[in-house]
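In what follows, a single structure is set out as structure tokens and then discussed.
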Amino acid sequence: MTGLYKQSNARRRQFVQLLTELDEYWIEVLGNKLFHDLNYYDLFTQMWLRINSSEDDTFRKSELYKLMPHISQRTAIKYIQTAIDHGLLIECMDPHDQRSRQITMSVDLKRKIELFLDHSISMLQEASWQAG
């Protein structure tokens, strides 16, 4: 094995360890292994992105299904309901359409996502520094 190959493998191992640590922190910050799923990661981070780039912090359920593109709508419905049942998402009546429901991210979930993002940024910066 050449020195360059060994160095590449060392960086790959470092990256896998970083991903594992981020994954463990995701579970820790959310406080429930039930949400240890990339579909919840997609849902929560995409909601956070939209909330932080617009004035509107509410979603229609049908909008949320699109934030989990790797599962069926039927499965997405179950995921969203589970998040509502655990208080991570909040469901309320749409004031403009009584037949429709609006979903928003709980203050606690928003705080947890921001903790996760800040921790992830910190870990990536540290890994970048170590690799340089």
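Numbering (the numbering used here), first residue to last: 768 to 899.
Note that CB positions come from ideal geometry on N, CA and C, so glycine has one too.
Residue j beta carbon less than 8 angstroms from that of residue i
| i | j | result |
| --- | --- | --- |
| I880 | W815 | yes |
| Q774 | A894 | no |
| T871 | L801 | no |
| R834 | L805 | Just to set this straight, residue 834 is Leu in the shown sequence, not Arg. Taking 8 angstroms as the Cβ cut-off, L834 and L805 do not qualify as a contacting pair. |
Residue from the options whose Cα sits closest to the Cα of residue i
| i | options | result |
| --- | --- | --- |
| T787 | N776, Q774, N799 and H803 | H803 |
| Y792 | R866, K833 and M890 | M890 |
| I794 | D824, Y846 and L882 | L882 |
| S867 | L834, A777, T825 and A850 | T825 |
Rounded separation between residue i and residue j - CA only
| i | j | result |
| --- | --- | --- |
| M860 | N776 | 53 angstroms |
| Y807 | G770 | 40 angstroms |
| V783 | K845 | 30 angstroms |
| Q869 | L789 | 31 angstroms |
| I818 | R778 | 35 angstroms |
| L884 | Q865 | 35 angstroms |
Suppose only complete runs of 3+ residues qualify. What are the beta strand (DSSP E) ranges in the stretch 857-894, listed by chain order? 864-872
Touch check for the stretch 849-859 and the stretch 870-883: three-plus C-beta pairs under 8 angstroms? yes
Using 8 angstroms as the cut-off, can you tell me whether the stretch 810-830 makes contact with the stretch 838-853, which would need three or more C-beta pairs spanning the two stretches below that distance? yes
Scan the stretch 779-862 and note each continuous alpha helix (DSSP H) run of 4 residues or more that stays entirely inside, going in chain order. 805-818, 828-832 and 840-852
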